[in-house]
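Converting from the sequence shown to the working numbering requires adding 3 to each position, the first position being numbered 1.
Read the structure below first, then the notes.
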Amino acid sequence: MSEHLDSSAPTKANPYQSKLLVNRLLNQGSDKETRHFELSLQQSGLSYEPGDSLGVIPQNNPQVVDDLLAATGLSGEEQIQVGEENLTLRDALINRLACTVLSKIQIKKFNEIAKESKLEDLLQPANRDAFADYLWGRELIDLFLEFPQQGISADELVGLLRPMPPRLYSIASSIKAHAEEVHLTVAIVRYDSYGRKREGVCSSYLADRVGECIPCYFHPNKNFKLPEDSTTPVIMVGPGTGIAPFRAFIEERRAIGAGGKNWLFFGDRSSKTDYLYGDEWEQYRKDGLLTDLDLAWSRDQAEKEYVQHKMLAKGKELFTWLQEGATFYVCGDASRMAKDVDSALRQIAQSEGAMSEDDANAWVKSLQKEKRYLKDVY
Ligand SMILES: Cc1cc2nc3c(=O)[nH]c(=O)nc-3n(C[C@H](O)[C@H](O)[C@H](O)COP(=O)(O)OP(=O)(O)OC[C@H]3O[C@@H](n4cnc5c(N)ncnc54)[C@H](O)[C@@H]3O)c2cc1C
Ligand SMILES: NC(=O)c1ccc[n+]([C@@H]2O[C@H](COP(=O)([O-])OP(=O)(O)OC[C@H]3O[C@@H](n4cnc5c(N)ncnc54)[C@H](OP(=O)(O)O)[C@@H]3O)[C@@H](O)[C@H]2O)c1
C-alpha cells in the first residue's frame with residue numbers, strides 16, 4: 004500500500020492541489036496526441052508506489068458549457084443547489100457536474116421530459132444495438148439540439164446530471180527517481196462527430212485548460228505491484244498509454260538496484276512518430292537494464308503488427324522466463340488488446356509447454372493465483 008506521511012491523505016472529496024510543472028507532447032508529427040505531465044508534490048509529504056494511479060478532478064470546458072446552455076435556452080445565471088452548495092448553473096456545470104458523456108439512464112430521464120417516440124423506441128431492450136449506435140459520438144448537447152426543450156428549468160437540467168467523476172491515470176514515475184513529483188502519460192481524446200469538435204473532459208483539461216494547480220488524489224493499487232523479491236524477472240506488455248506504469252517500474256528497479264531481468268513489449272502506430280519515451284528505453288537497453296525490448300509498430304507496414312504478435316514470435320523465450328518465475332504484467336486497453344494478449348499467452352503455453360487447451364487455461368489460472376499475471380487495464 005502507498006504510505007502517506009500526512010495522515011490526512013487527499014481524497015476525491017478533499018483533493019491535493021498539485022502544481023503542473025511539465026506538459027510535453029510525446030508524439031512527433033503523429034495524428035495522435037499523447038502527453039507527458041509532471042506534477043509537483045513539493046512539501047506535501049505525499050508518496051506513492053509504482054503501480055498506483057492518480058485520480059484527477061477535471062473541469063468542463065467553459066465553451067462546451069456555454070454551447071450547452073445556449074441549446075437549453077438557460078442563461079447560466081440561475082441559482083441552483085448541488086449538495087450543500089449554492090452555485091450559479093454555469094459554475095456548477097463547469098466545476099461540479101458531468102454534462103458531456105451520455106448514459107442510458109440520462110436519456111431515460113431526458114425522455115421523461117421530452118417524450119419523444121424515437122427515444123422511446125431506442126430505449127426498448129430489443130433495440131440495444133441501435134441504442135449503442137445512437138449513443139456513440141453523441142453528447143448531452145446533441146439531445147437538446149435534436150429535441151429542443153426551450154422551457155426546461157435549471158433544476159430539471161441539473162436533475163439529468165451526475166457529479167463530475169474523477170479520472171484515473173496510471174502513474175508513470177517512481178518517486179525514488181523523481182523526488183516530490185508524480186508523472187502521467189495521457190492520450191488526449193479529440194474527435195469530430197455529428198458536425199462538432201469533441202474532446203475528452205479530463206484529458207483536454209490536462210492538455211489545454213489546467214490552471215496553475217491540478218486537484219488530485221492517490222488511488223493505490225495493491226494488485227499491480229512489482230515483485231517483493233527484486234531478483235524476480237518481469238515481463239511488461241504496455242502498448243500506447245499502457246506504457247505508463249512500466250516507466251515507473253523500470254525507474255524503481257534502477258533506483259533500488261534490482262537484479263531481476265526486465266523485458267518490455269511496447270507498441271504504437273509508427274516508430275517515427277509514436278515511440279513514447281523512446282530515448283529512455285533505448286538508453287535502458289544500452290545500459291543492460293532492459294534485458295529485452297520488443298516493439299510493435301501497427302501502421303508501419305501493410306499488415307497490423309501488435310504486441311501479442313511479438314510475444315508469439317518469441318514464445319519459447321517468453322515461456323522459459325515464466326518457467327523461471329517471471330511475473331507477467333499487462334497495461335492499457337481492456338476491450339481488445341488485453342484479451343488478445345491473454346489469448347497469446349495461452350497459445351504460448353500450448354505450443355511451448357506442450358499443454359492441452361485445458362492445461363494452458365489451468366496454467367494461466369495458477370499464474371494469476373500466484374500473483375504472477377497482473378493487469379492494469381481500462
Ligand atoms: C485504472 C485506470 C488507469 C488509467 N490510466 C490511464 C493512463 O495512464 N493514460 C490515459 O490516457 N488514460 C488512462 N485511463 C483512462 C482515463 O481514466 C480516462 O478514461 C481517459 O483519459 C478519457 O477521459 P476524458 O475525460 O478525457 O474523456 P471523457 O470525457 O470521459 O470521454 C471519453 C468518452 O468519449 C467517447 N469517445 C472517445 N473517443 C471517441 C471517438 N473517437 N468517437 C466517438 N466517441 C468517442 C467515448 O464515449 C468515451 O467513453 C485509465 C483509466 C483507469 C480506470
Ligand atoms: N481520439 C483519438 O484520436 C484517439 C486516438 C488514439 C486513442 N484514443 C483513445 O485513447 C485511449 C488510449 O490510447 P492509447 O494510446 O493507449 O492506445 P491506442 O492508440 O488505442 O493503441 C496503441 C497501439 O495498440 C494497437 N492496438 C490496437 N488494437 C490492438 C489489439 N487488439 N492488440 C494489441 N494492440 C492493439 C494500436 O494499433 P492500431 O490503432 O493501428 O490498430 C496502437 O498501435 C484509447 O482508449 C483510445 O480510445 C483516441
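Heads up, the beta-carbon is just placed ideally off N, CA and C, and yes, glycines get one too.
Fair warning: this is a prediction, and the values are worked out from it, not measured in the lab.
Beta-carbon to beta-carbon, Ala247 and Ser173 are separated by about 4 Å, close enough to satisfy the 8 Å threshold. By the beta-carbon neighbour count (other beta carbons within 10 angstroms, threshold 16), Ser207 is buried. The beta carbon of His222 lies closer than 6 Å to those of Ser56, Gly58 and Leu171 in the same chain, with the five residues before and after it left out. In this structure, Ala261 lies near Thr234, with their beta-carbon atoms less than 9 Å apart. Non-local beta-carbon contacts of Tyr381 in its own chain, meaning distances under 7 Å to residues more than five positions away in sequence, involve Ala337 in chain order. Checking the 8 Å criterion, the Cβ of Thr244 is within range of a heavy atom belonging to ligand 2. Between Tyr19 and Tyr220, the beta carbon gap of about 6 Å places them in contact (Cβ cut-off 8 Å).
Beta-bridge pairing by DSSP links Phe40 to Asn26 and Leu187.
Residue range Ala247 to Ala258 is occupied by the alpha helix (DSSP H) that includes Phe249. Cβ-Cβ separation between Gly54 and Asn224: approximately 5 Å, consistent with a contact (criterion under 8 Å).
Closest by C-alpha distance to Arg199, out of Leu23, Ile144, Asp362 and Ser176, is Ile144. DSSP places Met340 within a helical segment (H, G or I) once states are collapsed to three. In the three-state reduction of the DSSP assignment, Pro166 falls in the strand class.
One alpha carbon belongs to Ile110, the other to Val367, and they sit about 41 Å apart. A Cβ-Cβ contact shorter than 9 Å links Lys22 with Leu42.
Under DSSP, the beta-bridge partners assigned to Pro218 are Gln20. Cys205 has its alpha-carbon roughly 10 Å from the corresponding atom of Asn64. For Asp124, same chain residues with a beta-carbon under 7 Å away, outside a window of 5 residues either side, are Asn130 in chain order. Judged by their CB atoms, Phe322 and Ala352 are nearer to each other than the 9 Å cut-off. In the pairwise beta carbon analysis, the segment 69 to 79 is classified as not touching the segment 182 to 196: fewer than three pairs are separated by under 8 Å. Between Asn98 and Gln62, the beta carbon gap of about 6 Å places them in contact (Cβ cut-off 8 Å).
According to the DSSP assignment, Ser196 belongs to the beta strand (DSSP E) that extends over Arg193 to Ser196.
Look at Gly203: its beta carbon is less than 8 Å from one of the heavy atoms in ligand 1.
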